[in-house]
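To start, the structure under review is shown below, and the notes come after it.
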Amino acid sequence: MTTALYRRYRPDSFEQVIGQEHVTVPLANAIDKHRINHAYLFSGPRGCGKTTSARILARCLNCAQGPTATPCGQCDSCTDLATGGPGSLDVIEIDAASHGGVDDARDLRERATFAPTRDRYKVFIIDEAHMVTPAGFNALLKIVEEPPEHIKFIFATTEPDKVIGTIRSRTHHYPFRLVPPEPLMQYLETLAGYEQIPIAPGVLSLVIRAGGGSVRDTLSVLDQLLAGATQEGVSYDLAVNLLGFTPENLLDDVVNALAAEDSATVFRVVDQVVQSGQDPERFVQDLLERFRDVVI
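Numbering (my numbering), first residue to last: 82 to 377.
Right, dumping it as structure tokens:
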């Protein structure tokens, strides 16, 4: 069974995280200066690197050569927390979407009193932190405010405003963003080279548009196209049809017809779009994108 691209190429260091330098650089500087906080809040859209960065931070903190912003990659902690590794008993990931109640918070609070099994710190990564109930947050408040020296908390959320203020004010908040097209394009070109499957010109631009700036979503789209590739690779037509974009020739026909004030051709193309079962809303979005390209 093939591992999904976003899991296979998950970053193992801050240097490998793309498009989040405004977060990773100051975070790495803080680690190297040993100005390590007891609690962090990573917020931002889905698939932009919050949970991955939380794991990297845990790796940095527990590296045998650390704490360091550049984990050695050789010690037991680094290999356990590397991509494809078994994980560490001292790095506990909790999905607050299913474990966000007050009883779960009390259980976490009790577990936090125990010393690490092997590593320097016991790190709790609370994913989907906005799903923790108010009672759950209140149960965590004291230990987040005054944790033992060996405990670190990392809250990851897409909705930081739903994390109660008394918790939020006790964390260092790092806001993640959607990744711009340029670094995503460079990243996809590199991965395409690793996968050794030919990709037609223009396909990666469609992949980036479909991914909407989320690295995970973008890699999932690319993974789908690579899985459906023929012996010749991923064709432009395959990408257009599979991702639901409007064919280039139809967009060109509309743009040319509007320039020539040829309303009959415009209505013919619109009818063709409807008759072919394509999404009219997507057609309008694609047409606006084409207008933008023409203007630029």
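For every residue, glycine included, the Cβ atom is placed at its ideal position computed from N, Cα and C.
Please state if the CB of F218 and the CB of H119 are separated by a distance shorter than 8 Å. In the sequence shown, the residue the question calls residue 119 occupies position 38. In the sequence shown, the residue the question calls residue 218 occupies position 137. At least 8 Å separates the beta-carbon of H119 from that of F218.
Spatially closest choice to N322 from T299, V288, P262 and T346, by CA coordinates: The sequence position of residue 322 within the sequence shown is 241, counting from 1. Of the listed residues, the one whose Cα sits closest to N322 is V288.
Go through the segment 103 to 143 residue by residue and report every complete run of the beta strand (DSSP E) that reaches 3 residues or more, in order. As far as the segment 103 to 143 is concerned, its whole beta strand (DSSP E) runs of at least 3 residues are 120 to 124.
Pick out whichever of D161, D352, I248 and A216 has its Cα sitting closest to the Cα of D184. Residue numbering aside, residue 184 sits at position 103 when the sequence shown is read from its first letter. The shortest Cα separation from D184 among D161, D352, I248 and A216 belongs to A216.
In angstroms, rounded to a whole number, what distance separates the CA positions of I173 and T164? Along the sequence shown, read from residue 1 onward, the residue named residue 173 stands at position 92. Along the sequence shown, read from residue 1 onward, the residue named residue 164 stands at position 83. Straight-line Cα distance between these residues: approximately 16 Å.
So who's on the other strand from D352, going by DSSP bridges? Within the sequence shown, the letter at position 271 stands for residue 352. Beta-bridge analysis with DSSP links D352 to no other residue.
Quick check: P241 and R249, are their CB atoms within less than 8 Å of each other? Position 160 of the sequence shown, counted from the first residue, corresponds to residue 241. Position 168 of the sequence shown, counted from the first residue, corresponds to residue 249. Closer than 8 Å, so yes.
Out of A237, I280, T247 and R190, which has the shortest C-alpha to C-alpha gap to G128? Counted from its first residue, the sequence shown places residue 128 at position 47. Between G128 and the set A237, I280, T247 and R190, the nearest pair of CA atoms involves A237.
In terms of DSSP beta bridges, what is K223 paired with? Counted from its first residue, the sequence shown places residue 223 at position 142. Note: K223 sits in no beta bridge, so no partner.
Return the residue from the list V244, P279 and N337 that minimises the CA-CA distance to H211. By one-based count along the sequence shown, residue 211 stands at place 130. H211 has its Cα closest to that of V244, out of V244, P279 and N337.
Between L339 and V351, what straight-line distance do the alpha-carbon atoms span, to the nearest angstrom? By 1-based counting over the sequence shown, the position of residue 339 is 258. By 1-based counting over the sequence shown, the position of residue 351 is 270. Each residue's alpha carbon lies about 12 Å from the other.
Just checking my contact of E209 with A177 at CB under 8 Å: how many whole Å lie between their CB atoms? Counting from one through the sequence shown, the residue named residue 209 turns up at place 128. Counting from one through the sequence shown, the residue named residue 177 turns up at place 96. Under the criterion of beta carbons closer than 8 Å, E209 and A177 qualify as touching, at roughly 5 Å.
Give the DSSP bridge partners of V172, in chain order. Position 91 of the sequence shown, counted from the start, is the residue given in the question as residue 172. V172 has V204 as its beta-bridge partners, per DSSP.
Just verifying my parser: in three-state terms, what is the DSSP assignment at T346? Within the sequence shown, residue 346 is the residue found at index 265, counting from 1. Helix, per DSSP.
For V315, name the three-state secondary structure that DSSP assigns. Taking the sequence shown and counting its residues from 1, one reaches residue 315 at position 234. Residue state, collapsed to three classes: strand.
Between the segment 108 to 122 and the segment 252 to 262, are three or more C-beta pairs nearer than 8 Å? With a cut-off of 8 Å, the segment 252 to 262 and the segment 108 to 122 count as touching, because enough Cβ pairs lie within range.
If we count the other Cβ atoms within 10 Å of its Cβ and call it buried at 16 or more, is N330 buried or exposed? The count along the sequence shown starts at 1 and reaches residue 330 at position 249. N330 comes out exposed.
Inter-stretch contact (C-beta, 8 Å, three-pair minimum) for the segment 307 to 316 and the segment 273 to 285: Flag = yes, the segment 307 to 316 and the segment 273 to 285 touch.
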